[in-house]
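For reference, the structure is listed below as structure tokens.
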Amino acid sequence: MIRPHTDTTTVGLIGRIKRRQLLRAGFLTGTLLATLELTAIVVPFFRVNKITGLGAKIGVGPKADILARFKSANDIPILNVEGKFFLLHAPGGVIAAYRKCTHLGCSVPFNDGEDQFHCPCHGSLYDKHTAVVKGGPAPKPLQLFHIAADASGTLTVDTNPLNVIDRQANVWDPKVLEITE
Ligand code: FES
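Numbering (this note's numbering), first residue to last: 3 to 183.
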């Protein structure tokens, strides 16, 4: 049952109006604070942190320097530890091979004595110039990262593992070459 206000004077009416305004202001302030708090919690989830290492775009220097290094060192693949790839002197250009074994994912080192990649886990072998399989249980060649060159000839390797060149056939296909000599 709603009880009528007993104070019907002007002073009583003003008091009731002020109380209502006060309650409304309190409610709005509470809602605003809750919204701000929620925003502070949610916003960091949408912010992209700076990516380093695997997943980042990694500069590897001028193409001319890389080719000169291959020439002076019997085409030994150039390891980039941070980006988990090797630069290879492929027939007619440069490719970047993701060093994750296509058998069960071990990190593949280059074996200087054998002059080929040799996976320590189950013995898969990969070619030094093309990273196609030469032996062992690996089902396909090492995946390749995309490489881009800027106007000055400086190369950048995109190490995003979700954007690799995934070769199914175990043969060298020149179509994968993005950086030619
Ligand atoms: S993980 Fe490389 S051969 Fe098995």
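Built from N, CA and C at the ideal position, the CB exists for glycine as well. Because the structure is a prediction, the values reported are computed rather than measured.
Nearest to residue i (by Cα), restricted to the options the options
i: G63; options: V166, G155 and A171; result: G155
i: V96; options: P111, D117 and L69; result: L69
i: N113; options: A171, G107 and G125; result: G125
i: G85; options: K65, A66, K59 and P176; result: K59
i: A140; options: V13, N172 and A151; result: N172
i: H148; options: I181, L35 and R101; result: I181
Under the three-state DSSP convention, the category residue i falls into
i: T158; result: strand
i: K136; result: strand
i: L81; result: strand
i: T182; result: strand
i: V13; result: helix
i: P163; result: coil
i: L24; result: helix
i: A99; result: strand
In DSSP terms, what residue i is bridged to
i: L34; result: According to DSSP, L34 bridges with nothing at all.
i: N113; result: Q118
i: A151; result: L157
i: P143; result: The partner list for P143 (beta bridge, DSSP) is empty, contrary to what the question assumes.
i: A171; result: Paired residue(s): none; A171 is not in a bridge.
Neighbour-count burial assignment, residue i, 16 or more Cβ in a 10 Å radius
i: K20; result: exposed
i: P79; result: buried
i: A92; result: buried
Residue i and residue j closer than 8 Å at C-beta
i: G57; j: T161; result: yes
i: L1; j: G137; result: What the structure shows of the chain is the stretch from 3 to 183, and residue 1 is not part of that stretch, so it cannot be assessed.
i: R169; j: V178; result: yes
i: V134; j: P122; result: no
i: L89; j: A98; result: yes
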